[in-house]
Amino acid sequence: MAFELPKLGYAYDALEPHIDAKTMEIHHSKHHQGYTNKLNAAVEGTDLEGVSIEDILASLNKEGQVNWAVRNNGGGYYNHCLFWEILNPNDQGSLSGSLLNAIEKNFGGVDSFKAQFAKAAATQFGSGWAWLCVHQDGSLEICSTPNQDNPLMSGIGCGGTPILGLDVWEHAYYLNYQNRRPDYIEAFFSVINWNEVQKRYDTATKN
Ligand code: MN
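The opening residue of the sequence shown carries number 8 in this note's numbering; numbering runs sequentially from there.
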């Protein structure tokens, strides 16, 4: 069963003016499709064929062996699947309940959380991602990773289950924001689907 490009739950122009339609179309139909195709090619005929993307990512970087095609394209496949789901212009919900409590406990408040997350996204040098991760005890961690790495991979200095991620590759914002990455980061906070982030928090902490 090959990996498939997921359909978006909204139109390409639905996130405007925060994220423009052309960027969304190219990002989803070209970039994410590219990672998907290259991931399928990289696992075809290997013992990773049929393995879930989460298990593939967790298996990477062990014993000093790095399969770069799987690492880069597997990360790219997973990261964008998460990204599309935690964006939603129609059903944003609100930051509340256990997730809000954890944010207040770990970061001292919502404004402080946003500032720390924005700093992680702004200071990631070159291409990469900023993450909000949850550990099994419910505690939260903000970090950033280069390229298409993510916290599910071992040994990258960042742990837990990612429940919110922001793509800071230039392909994610350059058409509309050019060099103004901080403006793109600020706009991102206007289109987060907090219901989805809460759902991922609950799933990661339920056991
Ligand atoms: Mn991207």
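C-beta: ideal position from N, C-alpha, C; glycine also.
Query, Result
"Where VAL198 and ALA21 are concerned, what is the direct C-alpha to C-alpha distance, given to the nearest angstrom?", "10 Å"
"What residues does the ligand MN have around it, judged by CB closer than 6 Å to any heavy atom, in chain order?", "HIS34, HIS38, HIS87, ASP174, TRP176, HIS178, ALA179"
"Quick one, are the C-beta atoms of VAL175 and ALA125 less than 8 Å apart?", "no"
"Report the residue ranges of all beta strand (DSSP E) runs contained in full by the region 146-188; include only those spanning at least 3 residues, in chain order.", "147-153, 168-174"
"Please confirm if the region 181-200 is in contact with the region 92-101, defined as three or more CB-CB distances below 8 Å between the two stretches.", "yes"
"Looking at the structure shown, is ALA137 part of a helix, part of a strand, or coil, going by DSSP?", "strand"
"Please determine if the region 35-47 and the region 107-115 are in contact, where contact requires at least 3 C-beta pairs separated by less than 8 Å.", "no"
"Bridge partners for ILE199 per DSSP, in chain order?", "LEU94"
"What is the DSSP secondary structure of LYS213, counted as helix, strand or coil?", "coil"
"Return helix, strand or coil for ASP190, following the three-state DSSP convention.", "helix"
"Just to confirm, are GLY81 and LEU64 a CB contact at a threshold of 8 Å?", "yes"
"What does the Cβ neighbour count give for GLY218, buried or exposed, with the cut at 16 atoms within 10 Å?", "No statement about residue 218 is possible, as the shown extent of the chain runs from 8 to 214 and does not include it."
"Among the candidates PRO24, VAL73, GLY16, PHE10, whose CA atom is the shortest distance from the CA of LYS45?", "PHE10"
"On a Cα-Cα basis, can you pick out the residue from TYR208, PRO13, ALA28, CYS140 that is closest to LEU173?", "CYS140"
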